[in-house]
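This report concerns only the one structure given below.
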Amino acid sequence: MKNIAKIGIIFMVALLAACQSEYDVIENGVFLTDAQKSQSKKVTIDDTGAKTVISSRLGTMMTTDVTVEYGTDATALQAYNQKNGTDYQLLPEKFYSFSESTTTIKAGEIGSSPTNLIIKPFDETIDATKKYAIPVAIVNANGAEKLLSSSSLIVLLDQIIVTTVPYLANGNAISIVPESMIEGLSSWTLEWNLCMDAFNRNNVTQWTIKGADGKNNIYTRFGDVTCEQNQFQAKIGSGKPQSITRFTANKWYHLALTYDGTNIRFYVDGVLDFTTPHALPGEVFEMKEIGFANSVNTAYTLKGSISELRVWSVARSQAEISNNMYVVSPQTPGLEVYWKCNEGSGTIIKDYSSHQRDGKLVKEATWKTGVRFPDDGE
53 MKNIAKIGII FMVALLAACQ SEYDVIENGV FLTDAQKSQS KKVTIDDTGA KTVISSRLGT
113 MMTTDVTVEY GTDATALQAY NQKNGTDYQL LPEKFYSFSE STTTIKAGEI GSSPTNLIIK
173 PFDETIDATK KYAIPVAIVN ANGAEKLLSS SSLIVLLDQI IVTTVPYLAN GNAISIVPES
233 MIEGLSSWTL EWNLCMDAFN RNNVTQWTIK GADGKNNIYT RFGDVTCEQN QFQAKIGSGK
293 PQSITRFTAN KWYHLALTYD GTNIRFYVDG VLDFTTPHAL PGEVFEMKEI GFANSVNTAY
353 TLKGSISELR VWSVARSQAE ISNNMYVVSP QTPGLEVYWK CNEGSGTIIK DYSSHQRDGK
413 LVKEATWKTG VRFPDDGE
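Numbering-wise (the working numbering), the sequence shown opens with residue 53 and increments by one.
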């Protein structure tokens with residue numbers, strides 16, 4: 053019994069020593085300030101480029117100076133992509149620089165002076181269908197230990213996209229009857245960007261997707277007798293889930309509706325709005341006809357601008373949605389229809405996916421030029 057007690061005491065002493073050692077490393081650790089709050093930060097890039105501040109902090113004040121060297125860590129970006137289901141590309145080195153590659157945290161101080169990460173405007177060598185990031189890292193610390201969990205920060209680059217969009221009104225709509233029906237959909241996602249003139253009527257149609265024999269229909273709208281005119285509602289089978297969000301006129305939104313075989317989810321600008329169980333869990337959908345807006349009944353016609361309409365045969369994750377609201381690679385697995393809606397003229401809406409399911413407008417739209425995504429008010 054005494055031996056057992058001695059072993060227990062030895063174990064506790066060892067455990068306390070290990071904890072103290074770990075505590076000392078943390079106390080003497082240096083880390084990127086922003087990385088303590090989040091693994092990543094978004095920076096918007098326009099035609100003048102961008103810059104963002106990088107700084108470092110200590111777990112506790114030191115009696116000697118600590119020198120910190122900044123660089124990048126490609127493995128940190130790989131780990132971020134794997135964890136979040138994203139596909140950010142490492143931005144080529146020629147497009148960014150640090151105002152200072154090293155900084156000093158002086159003895160008796162807790163934080164460094166700010167360093168600017170300077171990002172140059174993108175040129176024609178940058179693939180506009182891909183997303184880029186800079187995995188900023190503390191590559192060396194003289195006088196302190198790197199706190200590994202916070203020694204890197206993924207700077208996600210959101211490029212301002214300036215494009216042309218169609219304005220739909222007076223019964224104009226997009227539709228297609230695919231040559232071959234999209235079948236066997238045990239999961240799916242719908243995505244679209246939308247800016248409405250007003251919310252002053254019920255049953256303002258967005259997506260209308262019809263399955264074979266009138267089954268598996270998906271219908272989305274603004275306004276109904278059971279919800280307000282500026283509320284979104286999805287009619288899927290017997291279910292009619294509606295948004296918590298009340299939408300504002302003359303404002304761009306990115307919307308996404310997903311089905312994973314069990315639940316229906318709705319996202320507004322990449323943020324989850326609602327989750328609701330599907331009335332028929334395990335239901336497999338077919339898409340025989342795909343349309344956006346209503347050309348049959350002008351009382352339900354949409355009046356607004358649209359962009360980036362997408363149909364997927366997979367349930368996109370929140371990270372995949374929020375990180376690709378304004379552009380996505382046409383080669384992304386599961387992309388069934390991709391209407392960028394940037395033609396500027398004509399009635400054919402090109403499908404940028406590999407399936408060539410071009411949509412057709414009922415009539416020529418009014419095209420708006422110089423529309424910016426994200427909408428930054430410029």
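Cβ atoms here follow ideal geometry from the backbone N, Cα and C, with glycine treated the same way. Everything numeric in this text was worked out from a predicted model, so none of it was measured.
Using DSSP's beta-bridge definition, name the partner residues of Ile212. Beta-bridge annotation (DSSP): Ile212 is not paired with any residue.
Going by Cα to Cα distance, which pick from Ala126, Gln134, Ser202 is closest to Glu145? Checked all of Ala126, Gln134, Ser202; the closest Cα to Glu145 is Ala126.
Leaving out five residues on either side along the sequence, give the residues of the same chain with a beta carbon under 6 Å from the beta carbon of Phe425. Within the same chain, Cβ atoms closer than 6 Å to the Cβ of Phe425 are found at Ile213, Tyr378, the five residues on either side in sequence being excluded.
What's the gap between the Cα of Leu387 and the Cα of Glu243? Distance between the alpha carbons of Leu387 and Glu243: 11 Å.
In the DSSP output, which residue or residues are listed as bridge partners for Pro187? Note: Pro187 sits in a beta bridge opposite Ile206.
Close-in-space but distant-in-sequence residues of the same chain around Ala264 (CB under 7 Å, 5 per side omitted): Answer for Ala264: Met233, Glu338, Lys340, listed in chain order.
Rounded to a whole number of angstroms, what is the C-alpha to C-alpha distance between Ile190 and Thr310? Rounded to the nearest angstrom, the two C-alpha atoms are 39 Å apart.
Considering only the alpha carbon of each residue, which of Gly398, Asp410, Gly101, Lys420 lies closest to Glu231? Closest by alpha carbon: Asp410.
N-terminal and C-terminal residue of the alpha helix (DSSP H) that Ser374 is part of: Note, Ser374: alpha helix (DSSP H), 370 to 374.
Could you compute how far the alpha carbon of Arg317 sits from the alpha carbon of Asp325? In this structure, the alpha-carbon of Arg317 lies about 8 Å from that of Asp325.
Proximity winner among Ser347, Pro385, Ser405, Ser369, relative to Glu416 (alpha-carbon distances): Relative to Glu416, the option among Ser347, Pro385, Ser405, Ser369 whose CA is nearest is Ser347.
Would you mind sorting Arg298 into buried or exposed? The rule is 16 or more other CB atoms within 10 Å of its CB. Classification of Arg298: exposed, given that the 10 Å Cβ count is below 16.
Best match in Val95, Gln141, Asn269, Thr177 for proximity to Ile342 [C-alpha to C-alpha]: Checking every option, the nearest Cα to that of Ile342 belongs to Asn269.
Are the beta-carbon atoms of Val336 and Gly266 separated by less than 9 Å? Not a contact, by the Cβ cut-off of 9 Å.
Between which two residues does the alpha helix (DSSP H) carrying Lys355 extend? Per DSSP, Lys355 belongs to no alpha helix (DSSP H) and is neither H nor E.
Where do the ends of the beta strand (DSSP E) carrying Leu413 lie? Secondary structure note for Leu413: its beta strand (DSSP E) is the uninterrupted segment 411 to 413.
Based on Cα-Cα distance, which residue from Phe174, Thr119, Leu199, Lys172 lies nearest to Glu161? When the alpha-carbon of Glu161 is set against those of Phe174, Thr119, Leu199, Lys172, the nearest one is in Thr119.
Asn252 lies in the beta strand (DSSP E); which residues open and close that run? That residue, Asn252, is in no beta strand (DSSP E); it is neither H nor E in DSSP.
Whole angstroms are fine: how far does the CA of Pro329 sit from the CA of Ala102? One C-alpha to the other measures close to 43 Å.
Quick check on Glu176: buried or exposed, where buried means 16 or more other Cβ atoms within 10 Å of its Cβ? Exposed.
Looking at the secondary structure, which residues open and close the beta strand (DSSP E) in which Ala225 lies? From DSSP, Ala225 is part of no beta strand (DSSP E); its letter is neither H nor E.
Looking at the unbroken alpha helix (DSSP H) that takes in Tyr132, where does it start and where does it end? Unbroken alpha helix (DSSP H) run through Tyr132: 126 to 136.
Rounded to a whole number of angstroms, what is the C-alpha to C-alpha distance between Phe284 and Phe274? Straight-line measurement puts the Cα of Phe274 at about 5 Å from the Cα of Phe284.
Counting C-beta neighbours from all protein chains within 10 Å, is the total for Gln211 16 or more, i.e. buried, or is it exposed? Burial state of Gln211 is buried, judged by a 10 Å Cβ sphere holding 16 or more other Cβ atoms.
Assigned exposure category for Gly356 - 16 Cβ within 10 Å defines buried: That one is buried.
List the DSSP bridge partners of His407. Bridge pairing for His407: absent [DSSP].
Which two residues bound the contiguous beta strand (DSSP E) that contains Ile171? Where Ile171 is concerned, the enclosing beta strand (DSSP E) stretches over 167 to 171.
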